[in-house]
Structure formats: C-alpha cells, structure tokens
Amino acid sequence: MTSRTLASILAAASLLLAGAAHAQLLGAITASSTNVKVGEPVTITANIDVINANYCGFVVGFGDGTFKDAVSNVNTPVPLVITRTFDKPGSYHVTLGGKNVQNHPNCGGQERAVDITVTGTAVAAAPVASATLTAASVCEKPWKLSGKLNAKTGTFTCAAKAGTAFPAVKPVCKGDLSYFENSKKGQYGCKP
32 MTSRTLASIL AAASLLLAGA AHAQLLGAIT ASSTNVKVGE PVTITANIDV INANYCGFVV
92 GFGDGTFKDA VSNVNTPVPL VITRTFDKPG SYHVTLGGKN VQNHPNCGGQ ERAVDITVTG
152 TAVAAAPVAS ATLTAASVCE KPWKLSGKLN AKTGTFTCAA KAGTAFPAVK PVCKGDLSYF
212 ENSKKGQYGC KP
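Residues in the sequence shown are numbered consecutively from 32, following this note's numbering.
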C-alpha cells in the first residue's frame, strides 16, 4: 500500500468518525407563547436533529434556576414537550444545550434559546395535583388511561388510536414531571 493510499484511507476514516461524533445536533427550542401571565401554562418543545443515530443527552434550562435533563434514543423519541408555568413575572431565557445524561454523550451543536416574558396575574390554570388526580379526570375523551395512575407522583399515560387529536388544553404536570406526546403510539401524559 502506498503512503498516498494510506493517507486517503486515514482521511476518510477521520471524516467518518467526526460525523459519528455529531450524529445528533441540538435543534430548535420553541414555546407555545412567548408572552404569558404568571401561572399560565406554556408548552416548550425541544427538538434534536437526528442525522445518523439517535443517542445523546441534553438539558432544558427554564431561566429560573430549574432544569430538565433528557435523552434522545430509540426508547425516548424527540421532541421533548414540556408544559409548565412560571410563578413570578419577568423575562425567562429558556435554553436547550448538550449534556452527558445517563451515559448518553452530549448532543452536538450550539446552545439554542427562546425568551419568554411573564406578566401580571394569570387566569387560574388547573394544574394536575395529587389531590385532584382520579382515573376519570386525567384523560380527555376519547383518550383512556393506559396502565395505572400514580396519584402519589402524578405520573400517567393516556392512550387512543394513533392519529387521534391531542387535547387542546395540555395538563400541567406536577413537580419535576414533564408533559409528553407520542403521535405514533397514540399517547400523552406526565412522566419523569
């Protein structure tokens, strides 16, 4: 083998490895509204652009000192959809960044962000609270509870035929739980 051929093979291998190292890139982060009232639910969607493989970790920072770690892999499809509220008026810089989570390497790319302005006092939103959780109250018709409702933690999954329209009003999940939707499986709910 000539040194020129060896150099070409090494250069090609280097490019392949560089591409594999950035098989997933941070995508867009969006908010259902960038102007909300205190206590009003806002849905934040964090996307990961999957190029070759689906295996990386990321973090969503809410601009108030709280964060949500997440992973993108075959068992956890993206986008990550989080419905939450803000307790105080102000400007919140919500970020999406790469992070080593559960042995998943960082998703590549530059940090993404969306700014949310929170004002005044909200019309009372009905958060999902453990005192009000019942099997009959967590899923909107035609959705049905899949598995068990955990009234202590607030986790639940509602299921319907794939393609069924998701509820217009998303539940506000308790504590560190995140709202999720999976249109392929016909599911939504609150999970860690």
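Virtual Cβ for every residue (Gly too), placed ideally from N, Cα, C.
A quick note: this is a predicted structure, and the numbers were derived from the prediction, not measured.
Residue j beta carbon less than 8 Å from that of residue i
{"i": "G217", "j": "A193", "result": "yes"}
{"i": "V109", "j": "I79", "result": "yes"}
{"i": "V67", "j": "K119", "result": "no"}
{"i": "K175", "j": "A199", "result": "no"}
{"i": "L188", "j": "P173", "result": "According to the sequence shown, residue 188 is Thr rather than Leu. Against a cut-off of 8 Å, the Cβ pair of P173 and T188 comes out as no contact."}
{"i": "F89", "j": "C138", "result": "yes"}
Segment limits, beta strand (DSSP E) that includes residue i
{"i": "Q218", "result": "218–222"}
{"i": "T152", "result": "143–152"}
{"i": "K183", "result": "First-last for K183: undefined, no H or E at that position."}
{"i": "T97", "result": "Looking at the DSSP string, T97 is not in any beta strand (DSSP E), and its letter there is neither H nor E."}
{"i": "E212", "result": "209–213"}
{"i": "S122", "result": "121–129"}
{"i": "K68", "result": "66–69"}
{"i": "Q133", "result": "Premise fails: Q133 is in no beta strand (DSSP E) and is neither H nor E."}
Residues near residue i in its chain [Cβ-Cβ closer than 7 Å; skip 5 each side]
{"i": "S161", "result": "Residue confidence for S161 is low, a pLDDT of 42 falling below 50, so the modelled location carries little weight; the figure read from the coordinates is stated next. Contacts found: A182, K183, G185, K205."}
{"i": "V145", "result": "I60, T61, A62, T65, V125"}
{"i": "G121", "result": "V149"}
{"i": "K222", "result": "T186, L208, S209, F211"}
{"i": "E171", "result": "P198"}
{"i": "G151", "result": "K68, V69, P120"}
{"i": "K130", "result": "G88, F89, V90, D100, N137"}
Cβ neighbours of residue i in the same chain (closer than 8 Å, five flanking residues each side left out)
{"i": "T74", "result": "A62, S63, V112, I113, T114, K201, Y210"}
{"i": "S214", "result": "A193, G194, F197"}
{"i": "V132", "result": "G88, F89, V90, D100, A101, V102"}
{"i": "H135", "result": "Y86, C87, G88, V102, S103, N104"}
Nearest candidate by alpha-carbon position, reference residue i, set the options
{"i": "Y86", "options": "Q141, V102, A59, P198", "result": "V102"}
{"i": "V91", "options": "R143, S122, T195, P198", "result": "R143"}
{"i": "F117", "options": "I82, L176, D95", "result": "D95"}
{"i": "K99", "options": "K215, T188, D207", "result": "D207"}
{"i": "F93", "options": "I82, G151, F197, G128", "result": "G128"}
{"i": "T107", "options": "Y123, T97, V81", "result": "V81"}
{"i": "V203", "options": "P136, N134, E171, G220", "result": "G220"}
{"i": "P72", "options": "L180, V169, I147", "result": "I147"}
{"i": "Y123", "options": "T97, Q133, V132", "result": "T97"}
Three-way DSSP call (helix, strand, coil) for residue i in this model
{"i": "S177", "result": "coil"}
{"i": "V203", "result": "coil"}
{"i": "V105", "result": "coil"}
Neighbourhood of residue i by C-beta, 6 Å cutoff - its chain only, sequence neighbours within 5 removed
{"i": "G140", "result": "L56, L57"}
{"i": "T76", "result": "T61, P110, V112"}
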